[in-house]
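As numbered in this note's numbering, residues 1 to 689 make up the sequence shown, in order.
Note sheet for the following structure.
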Amino acid sequence: MRDEVVTRATTRVVAVPGLAKPVALITLDNGLDPTKPNTFGREGLSSIDAAFDAALAADPAAIAVTGKPFCFSVGADLAAVGMDRDTTLTVGKLGHDAFRRFTDSEIPTFAFVNGVAIGGGLELALSCHYRTVASDVPAIGFPECALGLFQGWGGTQRLPNLIGPDRAVTVIIENAFDNKMLQPVEAVELGIADVLLDSADYLDRSLRWLVGVVNGDTTVPRPEFDRGAGWDAAIARARALVEAKTHGASPGPLRAVELLDFARHNDLDRGYPAESEAMADVLMSDESRASLYAFSLVQWRTAMQPGAPDGSLARPVESLGIVGAGPKASQLALLFARQLDVPVVLTDADRARVDEGVGRVHTDVDALLDSEQMSRDEADRVKALVSGSPDREALRGADFVVEAGDDDLSVKQRVFAEIEEYVSAGCVLATTTSCVSVAEAAVKLRHPERVVGFHFADPIAAMPLLEVVRTDRTDDATVATALALGKKLGKSCVVVSDAPAFVVDRVLARFLGEVVAALDEGMPFESADHAFDALGLPMTPLGLLQLVGPAVVLRVAETLHTAFPDRFAVSGNLRRLVEAGKTSVWLWDAEGNKTLDPEVAALWQAGSSPSTPADLLDRTSAALADEIRRVLDEGVVAEPQDVDLCLILGVGWPFWLGGITPYLDRVGVSERVTGRRFLPPGVASVPED
1 MRDEVVTRAT TRVVAVPGLA KPVALITLDN GLDPTKPNTF GREGLSSIDA
51 AFDAALAADP AAIAVTGKPF CFSVGADLAA VGMDRDTTLT VGKLGHDAFR
101 RFTDSEIPTF AFVNGVAIGG GLELALSCHY RTVASDVPAI GFPECALGLF
151 QGWGGTQRLP NLIGPDRAVT VIIENAFDNK MLQPVEAVEL GIADVLLDSA
201 DYLDRSLRWL VGVVNGDTTV PRPEFDRGAG WDAAIARARA LVEAKTHGAS
251 PGPLRAVELL DFARHNDLDR GYPAESEAMA DVLMSDESRA SLYAFSLVQW
301 RTAMQPGAPD GSLARPVESL GIVGAGPKAS QLALLFARQL DVPVVLTDAD
351 RARVDEGVGR VHTDVDALLD SEQMSRDEAD RVKALVSGSP DREALRGADF
401 VVEAGDDDLS VKQRVFAEIE EYVSAGCVLA TTTSCVSVAE AAVKLRHPER
451 VVGFHFADPI AAMPLLEVVR TDRTDDATVA TALALGKKLG KSCVVVSDAP
501 AFVVDRVLAR FLGEVVAALD EGMPFESADH AFDALGLPMT PLGLLQLVGP
551 AVVLRVAETL HTAFPDRFAV SGNLRRLVEA GKTSVWLWDA EGNKTLDPEV
601 AALWQAGSSP STPADLLDRT SAALADEIRR VLDEGVVAEP QDVDLCLILG
651 VGWPFWLGGI TPYLDRVGVS ERVTGRRFLP PGVASVPED
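Structure, rendered in structure tokens:
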């Protein structure tokens with residue numbers, strides 16, 4: 001628990017043409033820059049209450065609430081309010097009471113949503129009678145279910161009664177699990193906001209629209225909803241979504257479904273206390289504590305990396321080179337050009353391959369343009385920034401060069417040696433290797449101190465993790481430059497040491513190694529694939545095998561077998577799968593049903609000692625605990641939190657597991673296998689009495 005960053009609510013009286021009485025305008029502002037959004041703790045909620053009193057004292061025609069520039073509010077400051085049961089109930093009631101004053105007011109109340117409005121911020125807006133929204137608001141929504149929680153200040157009760165149960169399920173559950181926030185036009189289409197107004201003079205436009213509502217010239221209809229079969233269908237869809245995503249592993253979304261159903265026949269006098277009681281129950285579960293721990297890691301850990309060098313050492317990067325022109329190189333070129341707005345050149349010895357790589361970037365840009373994920377101006381700009389050349393001379397002006405070829409040590413050594421003859425002394429050299437030693441790749445260089453690993457999680461455009469690999473000889477300026485560049489790319493960076501397969505691939509290789517070993521021993525594919533359903537993992541192990549690619553999994557397994565032959569085996573069956581060109585063990589029909597590929601079944605030479613699903617869960621958990629402890633003992637990363645962050649950001653492991661170490665602690669595997677917990681009690685679990 002830390003001190004609250006207080007968001008103050010201040011009231012000013014505004015004379016508005018067309019109204020006999022003024023408007024009382026309440027502004028939320030924590031006094032910090034726009035990158036530090038408004039949040040609500042005890043003092044903030046009390047400030048809203050006091051601001052409402054001041055608004056009433058002005059005898060206004062209307063009361064409106066808005067935020068500081070670019071931010072309405074992002075909701076509760078959970079790290080400041082505390083999380084014991086009594087405190088949860090108290091803060092829940094504080095929020096309900098403060099927000100409900102806007103709902104119960106006899107004077108019309110308006111929310112002017114001028115910036116990001118998520119979580120409790122959106123709940124405040126929903127508590128008002130009317131809502132306007134600015135056209136440039138970047139995000140509106142309820143992410144709580146993805147965090148293992150739900151809305152605690154009226155959202156579960158107000159939203160379904162405002163926009164209908166099915167739309168509420170979409171916003172509260174489906175969008176949360178899909179990590180989707182609403183854009184302003186969508187908020188209006190759904191009925192969350194009543195009108196979309198241009199951002200250029202948003203406050204003036206909102207006040208003019210308010211005048212029309214107060215004077216009766218503008219009416220805002222509020223539809224009635226079917227509380228029978230239609231509500232039943234919405235709740236059934238909600239339960240199916242939660243089951244598909246969590247398999248019952250996260251209590252918060254399950255309670256969200258119950259509360260959405262509760263809103264069907266109950267008023268706020270009953271709904272709000274039910275919401276608070278449910279929140280107190282959920283926050284006293286280990287899964288929710290793990291979720292909050294994971295959320296804190298994602299929000300703060302990458303910004304405060306242990307051992308990260310001073311950011312002022314970072315050198316500017318105004319042009320980039322990529323050595324290689326394959327699919328990965330094209331993905332990187334698109335990412336660099338789009339996010340950094342600097343020239344990017346692809347180089348390869350083969351002219352046709354270079355042209356193919358640049359062409360691939362253009363094709364991807366056109367696809368983004370067609371799907372309206374990119375404007376025409378941006379598309380033209382990105383295409384103009386990406387060029388290609390078969391001549392290493394094209395790298396001469398680059399400030400940062402990424403080697404993006406295959407994981408072949410001798411090739412990387414040769415390529416780096418060639419590059420060093422062309423680039424400046426301050427140019428950073430990076431490799432995207434997943435399993436080749438970065439230090440060994442740089443061993444022939446005159447200046448190995450400027451070499452760093454730049455290991456992106458796949459798919460590169462979608463996954464936020466970037467492992468920045470530091471060797472014993474990498475200097476601080478190189479690491480600082482790599483971290484600064486990663487941040488500009490929109491990635492969350494974790495500094496890792498140069499060890500075999502780093503963090504994500506090494507931990508996953510140990511996990512998948514146990515799964516493949518069980519299949520080798522004779523465990524049925526279907527049974528192995530669903531042995532982990534109770535954890536609510538984002539994909540099954542064989543789905544993960546397909547995503548990463550059997551060839552990559554095999555290559556990593558071979559590397560780790562060389563380094564640690566006692567723990568990492570190389571499956572002959574996996575090798576045959578790769579040699580047969582198979583990318584999955586499954587075949588899918590038109591309806592999305594999967595069956596085992598008969599060609600895979602024919603090549604797979606299985607034993608006659610199958611594990612049960614419980615056996616496989618236990619052996620993989622034990623293997624994970626053992627490998628993570630070794631990763632920490634070797635100093636690959638500083639703390640267990642870094643391993644959890646890597647799995648959350650690099651693979652999408654659920655918040656309700658806390659990544660992985662809180663789960664291993666909770667089920668007792670950590671102590672059984674390694675003799676001690678990874679995290680102290682109470683860090684990602686309910687504190688012990």
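Glycine is no exception: its CB is placed at the ideal position from the N, C-alpha and C atoms.
Note that the structure is predicted; figures quoted are calculated from it, not measured.
| Asked | Found |
| --- | --- |
| Length of the line joining the Cα atoms of W604 and D520 | 8 Å |
| Rounded distance between the beta-carbons of K68 and L28, thought under 8 Å | 7 Å |
| Straight-line Cα distance separating G154 from M523 | 48 Å |
| Per-residue burial, H455 [other beta carbons within 10 Å of its own, 16 or more giving buried] | buried |
| With 16 other Cβ atoms within 10 Å as the buried cut-off, status of A580 | exposed |
| Nearest-angstrom Cα separation, counted from A457 out to V636 | 17 Å |
| Cβ pair G120, P165 closer than 8 Å | no |
| Whole-Å CB distance - D136 paired with S206, under 8 Å assumed | Actually they do not touch by this definition, with Cβ atoms about 14 Å apart. |
| Inside the segment 83-163 only - beta strand (DSSP E) runs reaching at least 3 residues | 109-113, 116-118, 130-134 |
| Buried versus exposed, by CB contacts within 10 Å (16 or more), K412 | buried |
| Rounded separation between W656 and L254 - CA only | 13 Å |
| Beta carbon of C145 nearer than 8 Å to that of F110 | no |
| Nearest candidate by alpha-carbon position, reference P538, set R446, I660, A57 | I660 |
| Simplified DSSP assignment, three categories, for A263 | coil |
| Rounded C-alpha distance that separates A236 from L147 | 21 Å |
| Residue range of the unbroken beta strand (DSSP E) whose run includes I63 | 62-67 |
| Buried versus exposed, by CB contacts within 10 Å (16 or more), M304 | exposed |
| Rounded C-alpha distance that separates E627 from R510 | 7 Å |
| Cβ distance (whole Å) where R353 is taken to contact A325 below 8 Å | 5 Å |
| Alpha-carbon spacing of A76 relative to G572, whole angstroms | 52 Å |
| I648 (DSSP reduced to helix, strand or coil) | helix |
| Residue closest to A238, alpha-carbon to alpha-carbon, out of L203, L190, E287, A168 | A168 |
| Burial state of K491 (16 or more Cβ within 10 Å) | buried |
| Straight-line Cα distance separating F72 from N30 | 11 Å |
| V116 to V185 span [Cα, whole Å] | 14 Å |
| 8 Å Cβ shell around D597 - same chain, five flanking residues per side excluded | K582, S584, V585, W586, L587 |
| Separation of A441 from S611, as counted between CA atoms | 41 Å |
| Cβ-Cβ distance between D286 and R666 below 8 Å | yes |
| Bridge partner(s) assigned by DSSP for D467 | Residue 467 is actually Glu in this sequence, not Asp. E467 is bridged to H455, V494. |
| Contact set for V382: own chain, Cβ-Cβ below 8 Å, skip 5 residues either direction | L334, A337, R338, V361, V365, M374 |
| Sequence-distant residues of the same chain with beta carbon closer than 6 Å to L241, five excluded per side | I173, E174 |
| Runs of beta strand (DSSP E) wholly within the segment 308-383 (minimum 3 residues, chain order) | 320-323, 344-347 |
| Own chain, CB closer than 6 Å to R576, minus 5 neighbours either side, in chain order | L603 |
| S319 versus K245 - alpha carbon distance | 42 Å |
| First through last residue of the beta strand (DSSP E) which encompasses E403 | 400-403 |
| Endpoints, alpha helix (DSSP H) assigned at W209 | 202-214 |
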